[in-house]
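Peer 1:
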Amino acid sequence: MLGHVGIRVPDLEAATEFYDKLLSTLSYTTKTYPTMTVVGPSDNSTPIPCFMLRKYTPSNANGNAVRPSPVHISFYAKTRKQVDEFHAAGIKAGGNDNGGPGLRTFMANYYAAFVLDPDGNNVEAVCFAEE
4 MLGHVGIRVP
14 DLEAATEFYD
24 KLLSTLSYTT
34 KTYPTMTVVG
44 PSDNSTPIPC
54 FMLRKYTPSN
64 ANGNAVRPSP
74 VHISFYAKTR
84 KQVDEFHAAG
94 IKAGGNDNGG
104 PGLRTFMANY
114 YAAFVLDPDG
124 NNVEAVCFAE
134 E
């Protein structure tokens with residue numbers, strides 16, 4: 004099981020605003036610092052926040068690429084309603100639909116929704132609970 008994951012974003016302030024709105028639907032809270040934002044469950048069920056945003060800066064280490072490579076990130080939801088709310092909040096916050104809420108054929112009870120964040124990352128909420 005992963006402890007936490009971090010991604011680099013070109014505009015930390017804009018990404019923080021987007022993820023704050025998106026992940027609040029899953030009961031996550033956001034805390035900002037000068038060079039990073041951390042996001043984690045509001046019930047403090049993890050020892051440290053499980054998602055981190057850091058400012059991306061082109062350098063020799065990343066081939067001076069203007070933007071970081073997009074990634075796929077998935078968050079567990081407790082209910083299908085949370086998945087629905089996650090998708091709606093993502094679109095309202097400026098993301099793009101990449102697969103509306105619904106059952107997927109990946110496995111039984113895989114109820115998920117996908118949103119592309121403003122930087123092109125594919126962000127998913129998934130719930131395995133039966134309706």
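Take 4 as the starting number for the sequence shown in our numbering and just add one per residue. Don't be surprised by glycine CBs; every beta carbon is placed ideally from N, CA and C.
Quick check on the DSSP output: the alpha helix (DSSP H) that includes R83 runs from which residue to which?
Peer 2: Looking at the DSSP string, the run of the alpha helix (DSSP H) that includes R83 is R83 to K95.
Peer 1: In the DSSP assignment, find the unbroken alpha helix (DSSP H) run with Y22 in it and report its ends.
Peer 2: Here the alpha helix (DSSP H) through Y22 covers L15 to L26.
Peer 1: Going by the DSSP bridge assignment, what does H75 pair with across the sheet?
Peer 2: According to DSSP, which records beta bridges pairwise, H75 is partnered with N125.
Peer 1: Once the 5 residues before and after V74 are set aside, which same chain residues still bring their CB inside 8 Å of it?
Peer 2: Same-chain partners within the cutoff: I10, N124 and N125.
Peer 1: Could you please give me the residues that DSSP links to V69 through a beta bridge?
Peer 2: V69 is not bridged to any residue.
Peer 1: Where do the N-terminal and C-terminal ends of the beta strand (DSSP E) with P44 fall, by residue?
Peer 2: Unbroken beta strand (DSSP E) run through P44: M39 to P44.
Peer 1: Can you tell me which residues form a DSSP beta bridge with A116?
Peer 2: For A116, which the question treats as bridged, DSSP gives the partners A128.
Peer 1: My output table needs one value for L2: the three-state DSSP class, helix, strand or coil.
Peer 2: What is shown of the chain runs 4 to 134, which leaves residue 2 out entirely.
Peer 1: Classify E88 as buried or exposed, calling it buried when 16 or more other Cβ atoms lie within 10 Å of its own Cβ.
Peer 2: Flag for E88 reads buried.
Peer 1: What residues are listed by DSSP as bridge partners for I10?
Peer 2: DSSP output for I10 lists L56 as bridge partner(s).
Peer 1: Is it buried or exposed, F109, if we count other Cβ atoms within 10 angstroms and call 16 or more buried?
Peer 2: Exposed.
Peer 1: Apart from the five residues just before and just after K34, which ones in its own chain have a Cβ nearer than 6 Å to its Cβ?
Peer 2: Closer than 6 Å at the Cβ level, and outside the excluded window around K34, lie V41.
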